[in-house]
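Structure first, commentary second.
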Amino acid sequence: MNKILILSIVLFGIFACSSDGNDDDPVIPIKVQASFVYTISTVDSHLLFLENTTSGDGFTSSWDYGLGGGNVNDAPGVDTVRYDTAGTYTIKLTVVKDGLTTTATKTIKVDATGICPNGLCSGGGSETLKSAATTFSVGTITRDSYIIAGGKHTETLKADFNNLTSEYQMKMDKMNPSLGKYDFSAGDVIVKFAQENSMNVHGHALIWHSSTPSWVENFAGTNAEFETMVENYITTTLNHFKGKVRSWDVVNEAFEDGTGHPLRNSIFRQKMGDDYIKKCFQFARNADPNVLLFYNDYNIASSSTKRAAIFALVDNLGSLIDGVGAQMHISYNEPSASSIQAVADGTVSRGKKLHFSELDIRANPNNDQTTLTTARADLQAAKFKEVVKIYNSIPLANKFALTTWGVRDNESWLIAFWKHIDWPLMFNEDYSKKPAYNAFLEGLK
Ligand code: G3I
Numbered sequence: 003m004n005k006i007l008i009l010s011i012v013l014f015g016i017f018a019c020s021s022d023g024n025d026d027d028p029v030i031p032i033k034v035q036a037s038f039v040y041t042i043s044t045v046d047s048h049l050l051f052l053e054n055t056t057s058g059d060g061f062t063s064s065w066d067y068g069l070g071g072g073n074v075n076d077a078p079g080v081d082t083v084r085y086d087t088a089g090t091y092t093i094k095l096t097v098v099k100d101g102l103t104t105t106a107t108k109t110i111k112v113d114a115t116g117i118c119p120n121g122l123c124s125g126g127g128s129e130t131l132k133s134a135a136t137t138f139s140v141g142t143i144t145r146d147s148y149i150i151a152g153g154k155h156t157e158t159l160k161a162d163f164n165n166l167t168s169e170y171q172m173k174m175d176k177m178n179p180s181l182g183k184y185d186f187s188a189g190d191v192i193v194k195f196a197q198e199n200s201m202n203v204h205g206h207a208l209i210w211h212s213s214t215p216s217w218v219e220n221f222a223g224t225n226a227e228f229e230t231m232v233e234n235y236i237t238t239t240l241n242h243f244k245g246k247v248r249s250w251d252v253v254n255e256a257f258e259d260g261t262g263h264p265l266r267n268s269i270f271r272q273k274m275g276d277d278y279i280k281k282c283f284q285f286a287r288n289a290d291p292n293v294l295l296f297y298n299d300y301n302i303a304s305s306s307t308k309r310a311a312i313f314a315l316v317d318n319l320g321s322l323i324d325g326v327g328a329q330m331h332i333s334y335n336e337p338s339a340s341s342i343q344a345v346a347d348g349t350v351s352r353g354k355k356l357h358f359s360e361l362d363i364r365a366n367p368n369n370d371q372t373t374l375t376t377a378r379a380d381l382q383a384a385k386f387k388e389v390v391k392i393y394n395s396i397p398l399a400n401k402f403a404l405t406t407w408g409v410r411d412n413e414s415w416l417i418a419f420w421k422h423i424d425w426p427l428m429f430n431e432d433y434s435k436k437p438a439y440n441a442f443l444e445g446l447k
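So in this note's numbering the end of the sequence shown lands on 447, straight run, no missing numbers.
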C-alpha cells in the first residue's frame, strides 16, 4: 500500500480560558467532547483536510487516520492526509482532558476516483445521516425518559445523530422551578448519554416567554433585582453545563409575528428594558467564553419582514452572538427554496453560524390527508433534499448543525399543536426510514 502521509500544519490560535465555576454542585472533572470535520481537497480528491473542532481548552488530542500508522499527535491547525488506495477508512480523533478521554470517529470511502463525497461513492452504499454529513452535525431532540428507556430511540440516535437538543427539559421552567432552586437532572441524563456516544449537546433555551416559570412572571422585586436574578440563572446554568454543552439558544422567539415584528412584551422586556436580549447574551458570554451563543426563532424563512427584524438584532448583538437558529417548522410545499436560501445568505454574509434548529416538514398542512400517500411522502422528501442541499452549500465556517424536531412522526409536537394527523419527520412510528431519510442523503451529494 502506497501510503504517503502529507502533513501540512496551519497554525490556529488556540483560545485558552479559565473558568471558575461557583456552582454548588460537587466539582467533577469536565469531559471535553472530541469533535472534528473534514473536507476533500478540490484540487486532489485523494487529499483530505482534517480540522479538530473540539470546544473547550486544556486538552491534548491525537489522530488515527485509519491508515494503520497508529496515533499521531494533533498539532494546531488543519491536517492534510492522503488516501491513495480504494477502501473504507475510519478516522478517529482522541481528546484527553483531566484524565478523561473522548473520541470522535468518521468513516470515509475511497474508490478509484478518490475520496467519495459524503461517503457516497459512485457505486452507492448504505450510509447513515451523520456519517454522510461530514461537514456539519446532524441533530434531533430527546428527553431523559427516552434516553432511560433506550431501545430503538437510543439505537437510532447512535446510528444517525451526533447532536442532541433537549425538547423541553433545559428551559427555565424546568431548570429553575423556583427562586434559587435548580434542577439540571434531566439535562444531565441527556449530556451523559451524549458524552458516552461522541455527540454534542445544544442547549435550548435559556430565555423564552413560553417556558418562563410562574415565579418569574410574578416577580415582586425591583427591576434591578430581576436583572440580577436573570444573570444568576444564566451564570449558574452555563457553569453547570460548562464543557458539556457546546452551544445555547440564549433567547428564543423574541419577536411578535404581527406588523413590524415588535419585541414581545415578555416579563424580561418589561423588567430589563428593550435591550434585555443583549444583556442576556452578555451574561452568557461572561459565564462561558467558549460556548457558542445563538438567537433562535421561527418563520425566518417564510417571513421576509421577520427575517429582517432578526438580522437587525444579529447586527446589534455584534460579536456577542455566534449563530442564528432558524427553526424551520415548514411544509412540503412552502416556504420556497429562495426564501430558505435567503436565511442562509443573510447568516453567512454576517459571518455567523447557521443552525437549522427544529426542522420538521408537514406533509398534511391543510389536513387533506388521512394517510401518508406515496405521492405526498415523495413531495415531502423533495423538500427535505432541498433544505439539506441549501444547508450543505454554505461555507464550512458557517456550518454548525441541522437538527430535526423529533425522530419519528408520531412523537411530533405538530400533531397536538394542529390537532390533526401529520407525518413531519424522517422515521415512521416503527423507526423505519421514510423517503425523507434517503432524500436527506441525496441532498448531501
Ligand atoms: O412529559 C411530561 C409528562 O410526564 C407530564 O405528564 C405532562 C403534563 O405535565 O407534561 C409532559 O411534558 C410536556 C412535554 O412537552 C412533553 O409532552 C411539557 O409539560 C411541555 O411543556 C412540553 O412542551 C414542549 C414545548 O416546546 C414547551 O417547552 C414541547 O414538547 C416542545 O416540542 C416544544 O418545542 C418548541 C421549541 O422549544 C421552540 N420552538 C417551538 C417548539 C414547538 O412548540
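By construction, the Cβ of each residue, glycine as well, lies at the ideal position given by its N, Cα and C atoms.
Keep in mind it's a predicted model, so treat the numbers as computed, not measured.
Name, in chain order, the residues that DSSP records as bridge partners for residue i.
i	result
K401	L356
R287	Paired residues: none, contrary to the question.
I363	I332
A106	L95
F38	N54
V112	G89, I117
K435	F429
S139	A403
Is residue i buried or exposed, if buried means 16 or more other CB atoms sit within 10 Å of its CB?
i	result
G245	buried
A377	exposed
N24	Residue confidence is low: N24 scores 47 on pLDDT, short of 50, so the model does not pin down where it sits. No coordinate-derived value is stated.
E219	exposed
V191	buried
P397	exposed
G126	Here the model assigns G126 a pLDDT of 48, short of 50, so the residue's position is not dependable, and the following value carries that caveat. G126 is exposed by the Cβ-count criterion.
A314	exposed
Q272	exposed
V232	buried
K447	exposed
V45	exposed
K436	buried
L181	exposed
E431	exposed
S37	buried
T372	exposed
P419	Note that residue 419 is Phe in the sequence shown here, rather than Pro. Classification for F419: exposed.
T224	exposed
S143	Strictly speaking, residue 143 in this sequence is Ile, with Ser absent from that position. By the 10 Å Cβ count, I143 comes out buried.
Please go through the same chain and pick out, in chain order, the residues whose beta-carbon is closer than 7 Å to the beta-carbon of residue i, but skip the five residues on each side of it.
i	result
T485	In the structure displayed, the chain extends from 3 to 447; residue 485 sits before or after that span and is not available.
F51	Y40, T41, S43, V80, T82
L416	D362, R364, D424, P426
Quick one: residues in its chain with C-beta nearer than 8 Å to the C-beta of residue i, no 5 flanking neighbours on either side, listed in chain order?
i	result
V193	V203, F243, K246, V247
A286	L208, I236, L240, W250, V252, V293, L295
I392	A339, I342, Q343, A346
A379	A365, W425, K436, P437, A438
S395	A346
F138	V39, Y393, N394, K401, F402, A403, L404
D290	S21, L240, N241, K244
N73	S64, W65, D66, T96
T103	T96, V97
Keeping to the same chain, check which residues put their C-beta closer than 6 Å to that of residue i; ignore five residues upstream and five downstream.
i	result
D251	H206, A207, F296, N298, G327
W425	A365, L374, D411
H155	Y148
F490	Within the shown structure, residues of the chain are numbered from 3 to 447, placing residue 490 beyond reach of any answer.
R145	E169
G118	Position check: residue 118 holds Cys in this sequence, whereas Gly was assumed. Excluding positions up to five away in sequence, the list reads K111.
Tell me, please, whether the CB atom of residue i is closer than 8 Å to any CB atom in chain D?
i	result
L50	Considering every chain present, this structure includes no chain D. It has just one protein chain.
The ligand GDP and residue i: does any heavy atom of the ligand fall closer than 7 Å to the residue's C-beta?
i	result
W415	With respect to small molecules bound, the structure shown includes the ligand G3I and not the ligand GDP.
Which runs of the alpha helix (DSSP H) fall wholly inside the stretch 240-279 and span at least 4 residues, in chain order? Assignment of alpha helix (DSSP H) within the stretch 240-279, counting only whole runs of 4 or more residues, yields 269-274 in chain order.
Which ranges does the alpha helix (DSSP H) cover as unbroken runs of at least 4 residues, wholly within the stretch 194-242, from first to last along the chain? Runs of the alpha helix (DSSP H) lying entirely within the stretch 194-242, each at least 4 residues long, are 216-219 in chain order.
Entirely enclosed beta strand (DSSP E) segments - the stretch 370-433, minimum 3 residues: For the stretch 370-433, whole beta strand (DSSP E) runs of length 3 or above, ordered along the chain, are 401-406.
Kindly provide the ranges of any beta strand (DSSP E) runs that are 3 or more residues long and lie completely inside the stretch 50-99, ordered along the chain. Taking only runs of at least 3 residues, the beta strand (DSSP E) segments lying wholly in the stretch 50-99 are 62-66, 73-75, 81-84, 89-99.
Can you give, in chain order, each stretch of the beta strand (DSSP E) that sits fully within the stretch 141-190 and has at least 3 residues? Complete beta strand (DSSP E) runs here, min 3: 165-168.
Could you tell me which uninterrupted alpha helix (DSSP H) segments, each at least 4 residues in length, are contained entirely in the stretch 276-350, listed from first to last along the chain? Counting whole runs of 4 or more residues, the stretch 276-350 contains the alpha helix (DSSP H) stretches 278-289, 306-319.
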